[in-house]
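Read the structure below first, then the notes.
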């Protein structure tokens with residue numbers, strides 16, 4: 009491919025690409041993000057290629073493998089344009105029919121459509137599915153339109169226009185000013201104003217400066233950065249280049265966790281393509297601006313999401329955070345001024361430059377502007393990535409987009425902000441997603457994990473889970489974080505085992521205060537949040553564990569037991585077959601009995617027992633009835 | 016270097032730019048407890064018992080005196096109810112590892128820390144890092160290092176380096192506030208010397 | 803892994819000390835674990851003290867200082883997987899393989915690891931067996947998956 013030497017040449021290339029594309033030509037897109045890979049999109053893609061060939065439509069139909077569409081639990085997802093017909097959970101054997109019926113005959117295949125879990129109704133078009141309809145996909149939207157391996161696709165949707173504007177129409181000061189005026193706040197956690205951060209780095213003395221993309225998305229339950237990097241790496245790179253120009257840097261690093269192999273692959277391909285076109289390297293588009301970028305793979309450490317740790321890791325050291333000041337903006341990578349933003353923040357930059365700060369300010373709340381991507385997961389009907397304007401309520405996200413809690417279960421809480429965040433109860437569901445409002449509610453925006461929990465989730469156990477996570481992921485350098493987490497985790501573990509005492513809650517608060525107050529970095533300072541927020545809203549659950557040795561969610565293994573109710577058991581053998589511990593004694597026409605000593609409390613029997621019988625009872629805080637007498641076990 | 020004016024425990028202090036709160040306090044005879052600080056080593060900020068309260072630009076923060084640079088109009092309180100409580104809990108957490116450490120016991124008396132508050136831990140080490148940093152920064156030998164992370168973090172000798180460097184040095188031993196370092200060394204030494212069975216018949220090395 | 807391959811990997815990264823983690827990742831990827839001789843070579847060539855290499859190889863979760871089993875099982879313990887029952891999946895994996903998380907059996911059949919989030923949150927609970935993802939798994943299905951891998955675990 010030819011090197012592009014000016015903005016005019018770039019425009020010409022864009023026009024040429026567009027002229028070769030007929031918007032009315034049938035186009036079949038297949039979501040090929042990580043989650044769809046996990047559900048088998050590779051085989052579906054092979055089937056599409058084969059069928060297109062054998063049904064003779066290879067020349068008339070365009071086939072595109074795109075990045076993540078976000079509706080991950082429904083994958084693999086096939087969308088057929090120009091109509092936008094959306095097929096979910098597509099299998100290789102469905103492809104022949106999709107081509108012969110939908111592509112050729114314009115007939116809809118009902119069984120592959122989205123079915124509303126509440127109303128049972130079908131939806132044909134992607135844009136009409138409530139999951140998509142109620143979103144505003146300014147950043148994530150590109151994922152559906154482009155093949156991440158194709159720079160041409162990115163150009164076709166207007167890619168690099170913001171870079172051209174930056175390089176040829178704006179001074180670095182104006183770029184910083186635009187980002188400041190847009191009131192963009194960092195999407196990685198704390199919500200610090202990005203423009204202010206850029207300004208620090210721009211004004212910091214020094215010839216050599218660095219820009220860094222933080223794609224060490226360690227927050228368990230959040231994956232929007234992965235999807236953006238996999239689905240539209242050009243957008244991230246374009247944002248990064250604009251930032252580099254603004255602060256006066258010509259060298260960038262992208263730090264990607266190695267648990268995201270597809271993101272690394274797609275990013276490396278994107279860098280190669282951009283280099284080939286001259287959109288990275290020396291004298292980009294003839295502007296005189298040079299910029300190169302290197303990929304650094306993370307080796308598995310949550311703490312490296314913290315910016316000073318990330319920089320240490322880039323230097324080849326253990327990711328132990330440094331005290332700030334000095335901030336990376338003045339003394340960062342190899343002691344040079346460095347600006348770090350996360351993937352989603354960088355992805356917002358081309359939008360701000362193209363459409364202007366006023367446009368960006370028109371979306372959101374007073375102090376939180378633009379959109380935010382959340383990963384809506386856990387006990388919710390429609391799980392996946394959700395992009396909404398700041399200011400949308402949690403209720404709207406969970407119910408309008410997410411379709412509520414599955415089954416007959418009751419909503420209990422939603423966890424936002426990952427291990428630094430907190431749990432928000434039902435009565436606060438009208439809280440708006442806004443940096444400050446979420447913090448006030450005892451949670452946090454964080455990077456955008458939104459985990460919905462129903463009545464089956466024990467919140468004491470959830471606090472224990474987060475502290476166990478942090479105990480493993482803390483770097484261990486400073487005392488209040490390492491030892492404070494160790495002691496809090498011990499207490500929480502005891503409580504979930506029914507060994508807690510009444511003084512434990514006070515001690516937890518005291519430890520929390522020390523860890524929060526004295527820790528070196530944000531990991532430690534926020535580590536007590538999962539404990540504090542659950543104690544704030546769900547103290548009764550802690551008390552039930554401590555005072556009654558009862559787990560209200562019927563989840564803490566040490567406090568529950570499974571019991572087959574003799575009058576309900578039909579001796580069908582379902583639980584007997586599924587029990588991995590071989591703890592169920594059954595037999596033909598014999599009421600099944602669980603051996604409490606062998607039972608590992610995995611719950612397989614509850615899953616296996618047919619709903620109509622509902623014979624397996626989960627108990628907590630009460631004694632298990634004596635097993636039914638041998639002679640009474642025979643069923644008629 | 017420009018002069019910085021601040022206040023520590025009510026005293027007006029003139030400090031140099033780039034100094035830490037700890038250095039400024041020491042320059043006027045205000046003592047702040049430390050465990051991981053050492054004059055020959057770069058500030059580290061791991062033990063956090065030097066945590067103090069500092070008011071700057073209208074907000075009060077808890078900061079580590081050994082790392083926090085001085086700034087104009089800073090108001091520092093080296094003792095307060097909050098600071099003392101934090102130090103007490105930190106000491107209690109460390110005493111769970113090293114109940115017999117004299118340094119910890121002395122501080123425990125000042126802050127009313129109870130050495131039995133938390134269940135005893137198996138490792139004596141409080142991970143102040145003095146040994147690791149001294150060996151790396153002063154001796155440049157890197158014979159002892161950190162391992163692992165989080166609650167599993169520990170210090171240990173690198174046997175192949177220790178066998179060369181440690182036998183006539185041991186300068187880190189007196190720095191250790193607990194008995195952990197010597198215990199680790201004894202263990203390493205045992206690993207370094209060949210087991211008795213394999214030395215049979217060898218007269219030169221015994 | 804022979805020293806020549808190690809040298810090649812180091813040369814690819816221009817022998818810079820700052821590339822230590824990238825070099826180790828490459829060795830780990832190719833060799834599945836980091837033998838002592840290899841680490842000594844990396845220490846010499848990059849001029850990085852062994853203490854730093856030891857810290858890094860124990861600090862970052864990807865690295866293994868012991869050989870891995872023929873089958874690698876990763877159980878995602880992210881929050882989304884946790885609330886959908888990852889814990890009981892891990893129990894099942896440990897039970898079936900007889901290998902505790904973070905360990906490998908003496909016959910080198912299975913290595914079991916927990917991962918703090920694979921980013922497949924919408925599919926939770928997720929396990930990855932020999933690189934293949936299995937989403938929305940239940941204990942019974944987990945047993946099937948593990949029994950189906952070609953091994954002598956039974």
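Protein chains in written order, with the working numbering: chain R, 9 to 644; chain W, 16 to 221; chain P, 803 to 956.
In this text, a Cβ means the ideal position worked out from N, Cα and C, and glycines have one as well.
Neighbour flag for residue 863 of chain P against chain R, beta carbons, 8 Å: Translated into positions along the third chain, residue 863 of chain P becomes position 61. For residue 863 of chain P, the nearest CB of chain R lies under 8 Å from its own CB, placing it at the interface with that chain.
Ranges of the beta strand (DSSP E) found wholly within the stretch 196 to 271 of chain R, counting only runs of at least 3: At a cut-off of 3 residues, the continuous stretches assigned as beta strand (DSSP E) that sit fully inside the stretch 196 to 271 of chain R are 218 to 223 and 259 to 265.
The stretch 158 to 170 of chain R touching the stretch 16 to 33 of chain R, judged by at least three CB pairs closer than 8 Å: yes
At least 3 beta-carbon pairs within less than 8 Å: the stretch 43 to 61 of chain W vs the stretch 140 to 160 of chain W: yes
Residue-chain proximity (residue 387 of chain R, chain P), Cβ-Cβ < 8 Å: Translated into positions along the first chain, residue 387 of chain R becomes position 379. Yes, residue 387 of chain R lies at the interface with chain P (some Cβ there is under 8 Å from its Cβ).
CA-to-CA distance, residue 307 of chain R to residue 932 of chain P, given in whole angstroms: Residue mapping note: residue 932 of chain P aligns to position 130 of the third chain, counting from 1. Residue mapping note: residue 307 of chain R aligns to position 299 of the first chain, counting from 1. Distance between the alpha carbons of residue 932 of chain P and residue 307 of chain R is about 19 Å.
Three-state secondary structure (DSSP) of residue 70 of chain W: One-based indexing of the second chain puts residue 70 of chain W at position 55. If DSSP states are grouped into helix, strand and coil, residue 70 of chain W belongs with the strands.
Backbone secondary structure at residue 356 of chain R - three-state DSSP: If you number the first chain from 1, residue 356 of chain R lands on position 348. The answer is helix: DSSP assigns residue 356 of chain R an H, G or I state.
The stretch 500 to 516 of chain R in contact with the stretch 916 to 930 of chain P per 3-pair CB rule at 8 Å: no
Spatially closest choice to residue 828 of chain P from P/838, P/839 and P/865, by CA coordinates: For the purposes of this step, residue 828 of chain P is taken as residue 26 along the third chain, with counting starting at 1. Minimum Cα distance to residue 828 of chain P is reached at P/865.
Cα-Cα separation between residue 95 of chain R and residue 57 of chain R, rounded to whole angstroms: By one-based count along the first chain, residue 95 of chain R stands at place 87. By one-based count along the first chain, residue 57 of chain R stands at place 49. Taking the straight line from one Cα to the other gives about 17 Å.
Same chain only: Cβ atoms within 8 Å of residue 324 of chain R, ignoring 5 sequence neighbours per side: Within the first chain, numbered from 1, the residue matching residue 324 of chain R stands at position 316. Cβ neighbours of residue 324 of chain R beyond the five flanking positions: none.
Proximal residues of chain W, C-beta to C-beta of residue 495 of chain R below 7 Å: Mapped onto the first chain, residue 495 of chain R falls at position 487. Correct list: 108 and 133.
Residue-chain proximity (residue 234 of chain R, chain P), Cβ-Cβ < 8 Å: Residue mapping note: residue 234 of chain R aligns to position 226 of the first chain, counting from 1. For residue 234 of chain R, the nearest CB of chain P lies under 8 Å from its own CB, placing it at the interface with that chain.
Test: residue 1 of chain R CB closer than 8 Å to a CB of chain P: Only positions 9 to 644 of chain R appear in this structure, which leaves residue 1 of chain R out of reach.
Below-8 Å beta-carbon distance, residue 819 of chain P vs any chain W residue: Position 17 of the third chain, counted from the first residue, corresponds to residue 819 of chain P. Not one chain W Cβ lies under 8 Å of residue 819 of chain P.
Assigned exposure category for residue 426 of chain R - 16 Cβ within 10 Å defines buried: By one-based count along the first chain, residue 426 of chain R stands at place 418. Burial call: buried.
Buried/exposed call for residue 43 of chain W, threshold 16 Cβ in 10 Å: Here residue 43 of chain W refers to the residue found at position 28 when the second chain is read from its first residue. Under this definition residue 43 of chain W is an exposed residue.
Interface positions of the stretch 86 to 102 of chain W facing chain R (Cβ-Cβ less than 8 Å), listed along the chain: 97, 100 and 101
Chain R contact for residue 66 of chain W (CB, 8 Å cutoff): For the purposes of this step, residue 66 of chain W is taken as residue 51 along the second chain, with counting starting at 1. For residue 66 of chain W, the answer is yes, since a Cβ of chain R falls inside 8 Å of its Cβ.
Between the CA atoms of residue 353 of chain R and residue 130 of chain R - distance to the nearest angstrom: Looking up residue 130 of chain R in the first chain gives position 122. Looking up residue 353 of chain R in the first chain gives position 345. Rounded to whole angstroms, residue 130 of chain R to residue 353 of chain R spans 36 Å at the Cα level.
Interface positions of the stretch 918 to 949 of chain P facing chain R (Cβ-Cβ less than 9 Å), listed along the chain: 918, 919, 920, 921, 922, 923, 924, 925, 926, 928, 930, 934, 935, 936, 937, 938, 940, 941, 942, 944 and 945
Endpoints, the alpha helix (DSSP H) within which residue 806 of chain P is located: Counting from 1 along the third chain, the entry for residue 806 of chain P is found at position 4. Segment 805 to 814, the alpha helix (DSSP H) holding residue 806 of chain P.
Nearest-angstrom beta carbon gap, residue 86 of chain R and residue 4 of chain R [assumed within contact, 8 Å]: Since the displayed chain R opens at 9 and closes at 644, residue 4 of chain R lies outside it and no answer follows.
Extent of the continuous alpha helix (DSSP H) run through residue 133 of chain W: What you label residue 133 of chain W is simply residue 118 of the second chain in a count that begins at 1. Taken as a continuous stretch (DSSP letters only), residue 133 of chain W belongs to no alpha helix (DSSP H), as it is neither H nor E.
Inter-stretch contact at 8 Å, needing at least 3 Cβ pairs: the stretch 907 to 916 of chain P / the stretch 863 to 880 of chain P: yes
Beta strand (DSSP E) segments (min. 3 residues) lying fully within the stretch 876 to 928 of chain P: 912 to 917
Proximity test, Cβ basis, 8 Å: residue 873 of chain P and chain W: For the purposes of this step, residue 873 of chain P is taken as residue 71 along the third chain, with counting starting at 1. For residue 873 of chain P, the answer is no, since every Cβ of chain W falls outside 8 Å of its Cβ.
Interface partners of residue 60 of chain W on chain C, CB under 7 Å: You won't find chain C in this structure, because its protein chains are R, W and P.
C-alpha distance - residue 261 of chain R paired with residue 127 of chain R, whole-angstrom precision: Taking the first residue of the first chain as position 1, residue 261 of chain R is located at position 253. Taking the first residue of the first chain as position 1, residue 127 of chain R is located at position 119. About 48 Å.
Cβ of residue 890 of chain P within 8 Å of any chain R Cβ: Residue 890 of chain P sits at position 88 when you count from the first residue of the third chain. Closer than 8 Å: yes.
Three or more C-beta pairs below 8 Å linking the stretch 889 to 904 of chain P and the stretch 349 to 366 of chain R: Taking 8 Å as the limit for Cβ pairs, the verdict is that the stretch 349 to 366 of chain R does not touch the stretch 889 to 904 of chain P.
Length of the line joining the Cα atoms of residue 862 of chain P and residue 309 of chain R: Here the question's residue 862 of chain P lines up with position 60 in the third chain. Here the question's residue 309 of chain R lines up with position 301 in the first chain. If you take the alpha carbons of residue 862 of chain P and residue 309 of chain R, they lie about 6 Å apart.
Proximity test, Cβ basis, 8 Å: residue 501 of chain R and chain W: Within the first chain, residue 501 of chain R is the residue found at index 493, counting from 1. No, because no Cβ of chain W sits closer than 8 Å to the Cβ of residue 501 of chain R.
Nearest neighbour of residue 196 of chain R, chosen from R/382, R/469 and R/388 [CA to CA]: Sequence index remark: in the first chain, residue 196 of chain R carries index 188 (1-based). Distance from the Cα of residue 196 of chain R is smallest, within the candidate group R/382, R/469 and R/388, for R/382.
Spatial distance of residue 591 of chain R from residue 478 of chain R (CA atoms): As a first step, residue 591 of chain R is located in the first chain; it is residue number 583 there, counting from the start. As a first step, residue 478 of chain R is located in the first chain; it is residue number 470 there, counting from the start. Distance between the alpha carbons of residue 591 of chain R and residue 478 of chain R: 34 Å.
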